[in-house]
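Novice: Before I ask anything, let me first share the structure, which is written out below as structure tokens.
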Amino acid sequence: MVARTRKQLRRHNIRAKKRLGQNFLLDKGILAQLAAAAELSLTDTVLEIGPGSGNLTVELARRAGAVIAVETDRDLEPVLAANLSEFDNIQVIWGDFLEQSLESLWQLAPTGLDGERKVVANLPYYITSPVLIKLLTAASHRPRLAVILVQLEVAERLVAEPGTKAYGSLSVLTQYFTCPELVLKVPPTAFFPRPKVWSAAIRLRFRDQPAVKVQDEEFFFKVVRAAFGHRRKTLLNSLHYDLGERIAKEDIATALSRASIDDKRRGETLNIEEFALLTTALTELLR
Ligand code: SAM
-15 MVARTRKQLR RHNIRAKKRL GQNFLLDKGI LAQLAAAAEL SLTDTVLEIG
35 PGSGNLTVEL ARRAGAVIAV ETDRDLEPVL AANLSEFDNI QVIWGDFLEQ
85 SLESLWQLAP TGLDGERKVV ANLPYYITSP VLIKLLTAAS HRPRLAVILV
135 QLEVAERLVA EPGTKAYGSL SVLTQYFTCP ELVLKVPPTA FFPRPKVWSA
185 AIRLRFRDQP AVKVQDEEFF FKVVRAAFGH RRKTLLNSLH YDLGERIAKE
235 DIATALSRAS IDDKRRGETL NIEEFALLTT ALTELLR
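Read in order, the letters of the sequence shown correspond to residues -15 to 271 in our numbering.
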């Protein structure tokens, strides 16, 4: 596969574009493991972000009912067309995934396909966070499950526990909407060209209900971001720094006390339940 993909790219005069995060995954075993991690059935619809030369797309098309693949780089068209020619269940949409409506993409699935909606992607590193945020906050257009290959360091952030260095607002956002698992670590040697760092596949199982109940989701994430915004400040000072315009420092202290959270703690030690309690206490004071 390595030789074939490299030959195809050369034949079409295509060079991997760094600015589009083009590191093609060429290890057949790892491609199969990624597709298997999505637990696909022939009634599922898969959305692939960035099919590249189509090596992962093919693995997905073999296991799913339909694959909708969104690729921004039209130069890849001849390679993709050649590699996908034997499948009639793949649709390639040319464009920037971040500008697409998820609702419209899901609607491309053939009617009657009544399995689950899943996302599988070997993501370009430069759009990892916006893609994750788009999927997590897509309300009724969220997938049921996503398997995403990201930098190992990012994968560790998504599954991080409170009190660890990797724990941050992206960990809380991810764990609020999904149960994340790190399923596979992938060395640079699996790609062409080779990236500088290791990657990891993360599986996100989307929850039916968020992990905790909050009245105002937007405010909840504001509180979370404020708590992580200034890692060297105490929680009270960090929250005051970002929310001070709306809430007086004494009120923040009262909310922390009502939520039974010591105001000298650091934001990164709070678990998701404590963030929810704190948000509720702050909301009550704002009424
Ligand atoms: N899926 C292929 C594989 O596993 O070998 C390619 C993965 S490569 C890391 C990322 C792919 O995403 C590239 O083909 C790149 O052109 C495409 N891409 C980059 N930015 C994109 C965007 N905003 N929307 C859709 N595709 C994008």
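The beta-carbon is built from N, C-alpha and C at its ideal position, and this holds for glycine as well. Just so we're clear, the structure is a prediction, and the values are computed from it rather than from any experiment.
DSSP state of residue 339, grouped into three classes?
Specialist: Nothing about residue 339 can be read from this structure; the chain reaches only from -15 to 271.
Novice: Straight-line CA distance for residue 148 to residue 222?
Specialist: Counted from its first residue, the sequence shown places residue 148 at position 164. Counted from its first residue, the sequence shown places residue 222 at position 238. Cα to Cα, the separation comes out at about 18 Å.
Novice: Tell me residue 78's beta-bridge partners as DSSP assigns them.
Specialist: Here residue 78 is taken as the residue at index 94 of the sequence shown, counted from 1. Looking at the DSSP assignment, residue 78 forms a beta bridge with 55.
Novice: Do residue 151 and residue 195 have their CB atoms nearer than 8 Å?
Specialist: To locate residue 151, count along the sequence shown from 1; it is residue 167. To locate residue 195, count along the sequence shown from 1; it is residue 211. Going by C-beta atoms, residue 151 is not nearer than 8 Å to residue 195.
Novice: Using the beta-carbon count (16 or more within 10 Å), is residue 126 buried or exposed?
Specialist: Counting from one through the sequence shown, the residue named residue 126 turns up at place 142. Flag for residue 126 reads buried.
Novice: Among residues of its own chain, excluding the 5 on either side of residue 136, which ones have a beta-carbon nearer than 7 Å to its beta-carbon?
Specialist: Within the sequence shown, numbered from 1, the residue matching residue 136 stands at position 152. 169, 181, 182, 183 and 184.
Novice: Following a CB-centred definition, is residue 173 positioned closer than 7 Å to any heavy atom of ligand 1?
Specialist: Stepping through the sequence shown from its first residue, residue 173 is reached at position 189. Result no, Cβ not under 7 Å from ligand 1.
Novice: On the criterion of 16 or more Cβ atoms from any shown chain inside 10 Å, does residue 38 qualify as buried, or is it exposed?
Specialist: Within the sequence shown, numbered from 1, the residue matching residue 38 stands at position 54. Flag for residue 38 reads buried.
Novice: Quick check: does the Cβ of residue 54 come within less than 7 Å of any heavy atom belonging to ligand 1?
Specialist: Position 70 of the sequence shown, counted from the first residue, corresponds to residue 54. Yes.
Novice: Assign residue 133 to one of three DSSP states: helix, strand, or coil.
Specialist: Against the sequence shown, residue 133 aligns to sequence position 149. If DSSP states are grouped into helix, strand and coil, residue 133 belongs with the strands.
Novice: Pull up the distance between the alpha-carbon of residue 236 and that of residue 266, whole angstroms please.
Specialist: Locating residue 236 in the sequence shown gives position 252, counting from the first residue. Locating residue 266 in the sequence shown gives position 282, counting from the first residue. Approximately 7 Å between the Cα atoms of the pair.
Novice: With a cut-off of 8 Å, do at least 3 Cβ pairs link the stretch 47 to 61 to the stretch 69 to 77?
Specialist: With a cut-off of 8 Å, the stretch 69 to 77 and the stretch 47 to 61 count as touching, because enough Cβ pairs lie within range.
Novice: Decide if residue 177 is buried, meaning its Cβ has at least 16 other Cβ atoms within 10 Å, or exposed.
Specialist: What you label residue 177 is simply residue 193 of the sequence shown in a count that begins at 1. Exposed, since its Cβ has fewer than 16 Cβ neighbours within 10 Å.
Novice: Within the present structure, is the beta-carbon of residue 37 separated from the nearest heavy atom of ligand 1 by less than 7 Å?
Specialist: Working through the sequence shown from its first residue, we reach residue 37 at position 53. Checking the Cβ of residue 37 against ligand 1 gives yes.
Novice: Run the CB neighbour count on residue 215, radius 10 Å, all protein chains shown included, and call it buried at 16 or more, exposed below.
Specialist: Mapped onto the sequence shown, residue 215 falls at position 231. Result: exposed.
Novice: Smallest Cα separation from residue 2: which of 40, 32, 109 and -4?
Specialist: To locate residue 2, count along the sequence shown from 1; it is residue 18. Residue 109 is the option with its Cα nearest to residue 2.
Novice: What I want to know is whether the C-beta of residue 34 ends up closer than 7 Å to one or more non-hydrogen atoms of ligand 1.
Specialist: Locating residue 34 in the sequence shown gives position 50, counting from the first residue. Yes - ligand 1 has a heavy atom lying nearer than 7 Å to the Cβ of residue 34.
Novice: Is residue 71 near ligand 1, judged by its Cβ being under 7 Å from some heavy atom?
Specialist: For the purposes of this step, residue 71 is taken as the residue at position 87 of the sequence shown. No, the Cβ of residue 71 stays beyond 7 Å of every heavy atom of ligand 1.
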